[in-house]
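Protein chains in written order, with the numbering used here: chain A, 1 to 550; chain D, 551 to 1100.
In this text, a Cβ means the ideal position worked out from N, Cα and C, and glycines have one as well.
Keep in mind that this is a model prediction, so the values were computed, not measured.
Notes follow once the structure below has been shown.
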């Protein structure tokens, strides 16, 4: 039944729904011997193949059926990046249930809230999270069973969790005689809650269709270029927007996968990069900070790594240079959101850029890039009027596409679209070539005398100073200008810099009137569950701060 | 309304139909300055950009609307690869009508049959085909208007075609104030008739959805790897399965396009490759023969060309070596069918192959390759039982996928599927890694003493002989063995080889009993409208041939 009554003649192509199960079946059939390597919670390295993964995913899917899990039921995970989590990605979604990945870094109360809001039927979790699950189990009203993702011999002697199940027992007792069901491609496949800085987390409900289309688009040569020749290590957690889709796109392409487990420190990551000859990785700036510090302090090299994708927050230019110039590793800037599956834009150069001088290339690479085919973007003013693509005009960024949210799970937040577009909450410019640059979050922008000052620009300059580890810039109320920028800084261990030195560092780097009015030095900045600096917390803390210029 | 009643929970992603118009809008928006270069029928070079193409496509779409062309109506083209044809690809399909590309190499009676069968409303054609269209216009019952694709000053003074319209007049008189309509993604978008060797041509009706999914899959890094850094010259005609989808995937990726027009001889192609710095091309073996001959005779080089895709028929190993070893150009073997949009498999190496010796790599590259994600294949015996993937067992090849035919246009040929799979008519092996090798067409296979002899193997050996230009091998009836192979050969100009010398050339290259029983030397082989050797014609001709062994 066509929703478009004016299309009288239908094509005569096969009706094949786009389903997540087809990814792992494809990987098994054509890349059955390709490895999936995982560092486990136990610390050791586990290795097997896509064929093994597909077999165990079918065994677990069969078990879910025997547990009475129905199509559409939510099944939750609290787990690191690893092979068992990968199996659950396919077992749960492939069988028609909804994979609900929970961010374990949230406050236990929030985790319990999410489990209840999602009405999870089962909860699978890594050993690390036994204390967390023990703390919340009694308040998880809808959960019929808890499964600890380990071998029988690692099960706790006793636990406050009733009838705690062992993952490897379930696999051992199950058969792989299981056929993936045919589902509606628009059926829900997975659920991820945004860690909103205000209010309760809200759920984003992906479909099989959105996931497959996102996998195709994100694997394209000008996007993440995922091919069977890559060795992919997703640092970005599988509990955070499906690790940017890499567990799906790697299976689609037949790429070797390397999972780091809980060990995200610089040394552990570098060891794994070298041992498994990783060519391609993806994560947020915070993680790369740790990795680069370890590598530089120990004078190490990357022998196989060619590309890192940086997303989540803007990559400071200093970090980009450390990778590109220091190590010959390409940094690919990407922008996306939980609400966008997540990929919106990727910054790769085009042939027209080849002849440009290195400096101009570098400036382009610091942008968030061009959309992947399937996403559309625009910038608008406060009245919703489209603004020009000139690389200068800043506006609220809106997005749409087949893997962009229509509304939050269970109607939270009401009607979120604006004329059919999703308001991203970002402030951005778009240049004539269609390259996006995020200049701020709508709520972080500093409004000074009716003009906008981009807090990210000010932070990027601060962290380029050799003595600065981290910086946050917020607007503080000012009697004349409404708001003026205040810079909050964490110095590098042992480094020294004064307020005046730091403010002088802005000279020539930015319009004079953008220079912060004051600097505060602190020991640490508040960090949220996905590794981002919580600027609303900082704003609260300095709400009554009196600027020297006031 | 879900056709799968057991999917109670739908994902909450935007409903965005996959539409062909979004490709050209994307190319305009993000690659507006990227060039489309065409050699015209007039012989000169025309160049403009995706932005120009999108503007003129909108102008033509508006004109179609003013002509009263409705959604679902068929609009035909008889045209070479060029920018006006590209505009029609988007104007016709984008506006909701059905682009019907006709192969002008067919017999005029067949062209008229196809126009009437498709019930075309308008017919657009290049100057080259004025005599053809004049010959058939009177018998095209449903065509309301004929449009000659040229400037006003090239229009014939008088023509037997009533009210002949001028393409550039239509563009000039139209406005680009046009919004692409929202359509059902399953709506018909384009129509291509197979040049069946028996019976009337049958129509394959593509949809917007199948075209977009095919564009994504074919552009992937391990498939055709179409990126914005490529300069793509499709030699394969736009009237032949949409030039293997390149007019779509190039727009998706923002690749520069170079169209050769009618000039497919070696010199014209090589000139264009060099002038426009083409990096990537695609076509059938016949065309590459001409190009390689020209290049080798004149001791020329390819300064920018890195890859050619060879499809349509198997690429003889000798040709593959000429490109790879002689010119450092990678040959990518691909297999597909009109009924498959067309892409089924592509032969690219995977990381596990990197360590193999050159000879083993070369052997893999001579296969048709692995499926692109979205297509499934299997080989079966005469009873439809699946056969093993061992690289040895030969069976009938079946395929399915979201861009594979469900049935022919207007029900021709009845129910064509076999248990939901499309029987390709090919005989093939599949190895343990999933690499497909086509060994024959089902109807070309030679059945000798209950065993199958692959005609393509025998032909490949023949054309590897330095004196052989072309070869066809057919089964001829034999009193004892049922059928035995007869080799029909065209010698290279000035070359000499005897029957016995040629048969001795098979020694050690193939099982003794596969060696042909006889050789016939001819001046030419019959070639069909898509450049393939018409083996059914040869079989007819030699039906009563008496083999010396009979």
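* Proximal chain D residues relative to residue 499 of chain A, where beta-carbon distance stays under 9 Å -> If you number the first chain from 1, residue 499 of chain A lands on position 499. What residue 499 of chain A touches in chain D: nothing, since even the nearest Cβ is about 44 Å away.
* Among residues of its own chain, excluding the 5 on either side of residue 93 of chain A, which ones have a beta-carbon nearer than 6 Å to its beta-carbon? -> The residue you call residue 93 of chain A lines up with position 93 of the first chain. If we look at residue 93 of chain A and ignore the five residues flanking it on each side, its Cβ neighbours are 20, 99, 189, 190.
* Quick one: which chain D residues come within Cβ less than 7 Å of residue 401 of chain A? -> Within the first chain, the letter at position 401 stands for residue 401 of chain A. Those within 7 Å of residue 401 of chain A in chain D are 564, 566.
* When you check each C-beta in the stretch 30 to 59 of chain A against every C-beta of chain D, which residues fall closer than 8 Å? -> 30, 31, 33, 34
* Nearest-angstrom Cα distance between residue 579 of chain D and residue 431 of chain A? -> Here residue 579 of chain D refers to the residue found at position 29 of the second chain. Here residue 431 of chain A refers to the residue found at position 431 of the first chain. If you take the alpha carbons of residue 579 of chain D and residue 431 of chain A, they lie about 11 Å apart.
* Check residue 285 of chain A in the structure and name its three-state DSSP category. => On the first chain, position 285 is the one that residue 285 of chain A refers to. Residue 285 of chain A falls in the helix class under three-state DSSP.
* Closer than 8 Å to chain D by CB, residue 434 of chain A -> Taking the first chain and counting its residues from 1, the one referred to as residue 434 of chain A is at position 434. By this cut-off, residue 434 of chain A is an interface position.
* **Bounding residues of the beta strand (DSSP E) (the contiguous stretch that carries residue 192 of chain A)** => Locating residue 192 of chain A in the first chain gives position 192, counting from the first residue. Unbroken beta strand (DSSP E) run through residue 192 of chain A: 188 to 194.
* Flag residue 9 of chain A as yes if its beta-carbon sits less than 8 Å from any beta-carbon of chain D, otherwise no. => Looking up residue 9 of chain A in the first chain gives position 9. Interface residue, yes.
* To do: Find the nearest neighbour of residue 73 of chain A within the set A:117, A:264, A:517, A:312, judged by alpha-carbon distance.
  => Here residue 73 of chain A corresponds to residue number 73 of the first chain, with the count starting at 1. Per the Cα distances, A:117.
* Smallest Cα separation from residue 429 of chain A: which of A:351, A:357, A:232, A:396? -> Here residue 429 of chain A refers to the residue found at position 429 when the first chain is read from its first residue. Measuring C-alpha to C-alpha distances from residue 429 of chain A to each of A:351, A:357, A:232, A:396 identifies A:396 as the nearest.
* **Partners in chain A for residue 767 of chain D, counting only beta-carbon separations shorter than 9 Å** => Within the second chain, numbered from 1, the residue matching residue 767 of chain D stands at position 217. Residues of chain A passing the Cβ test: 216.
* **Closer than 7 Å at the beta carbon, the chain A residues around residue 956 of chain D** => Working through the second chain from its first residue, we reach residue 956 of chain D at position 406. Neighbours of residue 956 of chain D on chain A, chain order: 12, 13, 14.
* Asked: Relative to chain D, which residues along the stretch 350 to 376 of chain A have a C-beta separation below 9 Å, given in chain order?
  -> 350, 351, 352, 354, 370, 371, 373, 374, 376
* Identify whether residue 825 of chain D lies in helix, strand or coil by the three-state DSSP scheme. => As a working note, residue 825 of chain D is residue 275 in the second chain. Here residue 825 of chain D sits in helix by DSSP.
* **Cβ contact check for the stretch 102 to 111 of chain A and the stretch 144 to 163 of chain A: 3 or more pairs under 8 Å** => no
* Asked: Straight-line CA distance for residue 6 of chain A to residue 733 of chain D?
  -> The residue labelled residue 6 of chain A in the question sits at position 6 within the first chain. The residue labelled residue 733 of chain D in the question sits at position 183 within the second chain. Only weak support is given to the placement of residue 6 of chain A: the predicted model assigns it a pLDDT of 47, under 50, and the value that follows is read from those uncertain coordinates. Looking at the backbone, the Cα of residue 6 of chain A and that of residue 733 of chain D are separated by about 8 Å.
* To do: With DSSP collapsed to three states, give me the class of residue 499 of chain A.
  => Taking the first chain and counting its residues from 1, the one referred to as residue 499 of chain A is at position 499. Secondary structure at residue 499 of chain A: helix, using DSSP grouped into helix, strand and coil.
* Asked: When you compare only the Cα positions, how much space is there between residue 78 of chain A and residue 125 of chain A?
  -> Stepping through the first chain from its first residue, residue 78 of chain A is reached at position 78. Stepping through the first chain from its first residue, residue 125 of chain A is reached at position 125. Cα to Cα, residue 78 of chain A sits roughly 5 Å from residue 125 of chain A.
* If you follow the beta strand (DSSP E) that residue 1001 of chain D is part of, which residue opens it and which one closes it? -> Within the second chain, residue 1001 of chain D is the residue found at index 451, counting from 1. Segment 1001 to 1003, the beta strand (DSSP E) holding residue 1001 of chain D.
* Okay, do the stretch 1059 to 1076 of chain D and the stretch 1040 to 1047 of chain D touch, 3+ Cβ pairs below 8 Å being the bar? -> With three or more CB-CB distances shorter than 8 Å, the stretch 1059 to 1076 of chain D counts as touching the stretch 1040 to 1047 of chain D.
* Indicate whether residue 483 of chain A and residue 473 of chain A have their beta-carbon atoms separated by less than 8 Å. => Start at 1 with the first residue of the first chain, and residue 483 of chain A comes out as number 483. Start at 1 with the first residue of the first chain, and residue 473 of chain A comes out as number 473. Cβ distance not < 8 Å, so residue 483 of chain A and residue 473 of chain A don't count as in contact.
* Indicate the three-state DSSP secondary structure (helix, strand or coil) for residue 39 of chain A in the structure shown. => By one-based count along the first chain, residue 39 of chain A stands at place 39. Strand, per DSSP.
* Pick from D:970, D:791, D:1003: whose alpha carbon is nearest that of residue 927 of chain D? -> By one-based count along the second chain, residue 927 of chain D stands at place 377. Distance check between residue 927 of chain D and each of D:970, D:791, D:1003 places D:970 closest, using alpha-carbon atoms only.
* Where residue 882 of chain D and residue 186 of chain A are concerned, what is the direct C-alpha to C-alpha distance, given to the nearest angstrom? -> For the purposes of this step, residue 882 of chain D is taken as residue 332 along the second chain, with counting starting at 1. For the purposes of this step, residue 186 of chain A is taken as residue 186 along the first chain, with counting starting at 1. Going by the C-alpha atoms only, they are around 35 Å apart.
* Uninterrupted beta strand (DSSP E) stretches inside the stretch 981 to 1017 of chain D (no shorter than 3 residues) -> 986 to 991, 996 to 998, 1001 to 1003
* To do: Would you please verify whether the beta carbon of residue 777 of chain D is less than 8 Å from any beta carbon of chain A?
  => What you label residue 777 of chain D is simply residue 227 of the second chain in a count that begins at 1. Cβ-Cβ to chain A under 8 Å: yes for residue 777 of chain D.
* **Assigned secondary structure, residue 205 of chain A (DSSP; H/G/I helix, E/B strand, else coil)** => Here residue 205 of chain A corresponds to residue number 205 of the first chain, with the count starting at 1. Looking at residue 205 of chain A - three-state DSSP - the assignment turns out to be strand.
* Asked: Using the beta-carbon count (16 or more within 10 Å), is residue 637 of chain D buried or exposed?
  -> The residue you call residue 637 of chain D lines up with position 87 of the second chain. Flag for residue 637 of chain D reads buried.
* Asked: Along chain D, in chain order, which residues have C-beta atoms closer than 7 Å to that of residue 210 of chain A?
  -> Position 210 of the first chain, counted from the start, is the residue given in the question as residue 210 of chain A. Within chain D, the residues 561, 563 have their CB atoms less than 7 Å from the CB of residue 210 of chain A, given in chain order.
* **Collapsed DSSP secondary structure at residue 234 of chain A in the structure displayed** => Against the first chain, residue 234 of chain A aligns to sequence position 234. Note: residue 234 of chain A maps to strand in three-state DSSP.
* Which residues in the same chain as residue 846 of chain D place their Cβ atom closer than 8 Å to its Cβ, once the five residues preceding and following it in sequence are excluded? -> Within the second chain, residue 846 of chain D is the residue found at index 296, counting from 1. Excluding positions up to five away in sequence, the list reads 872, 876.
* With a cut-off of 8 Å, does the C-beta of residue 739 of chain D fall near any C-beta of chain A? -> Position 189 of the second chain holds residue 739 of chain D. Yes, contact with chain A.
* Is there a Cβ from chain D that is less than 8 Å from the Cβ of residue 281 of chain A? -> Here residue 281 of chain A is taken as the residue at index 281 of the first chain, counted from 1. Not closer than 8 Å to any Cβ of chain D, the Cβ of residue 281 of chain A fails to qualify, so no.
* Asked: Taking Cβ-Cβ distances below 8 Å as the criterion, which residues of the stretch 634 to 659 of chain D are in contact with chain A?
  -> Within the stretch 634 to 659 of chain D, the residues whose Cβ lies closer than 8 Å to any Cβ of chain A are, in chain order, 646, 648.
* So residue 358 of chain A is in the alpha helix (DSSP H); what residue range does that whole segment cover? -> On the first chain, residue 358 of chain A is found 358 positions in, with the first residue counted as 1. Here the alpha helix (DSSP H) through residue 358 of chain A covers 358 to 365.
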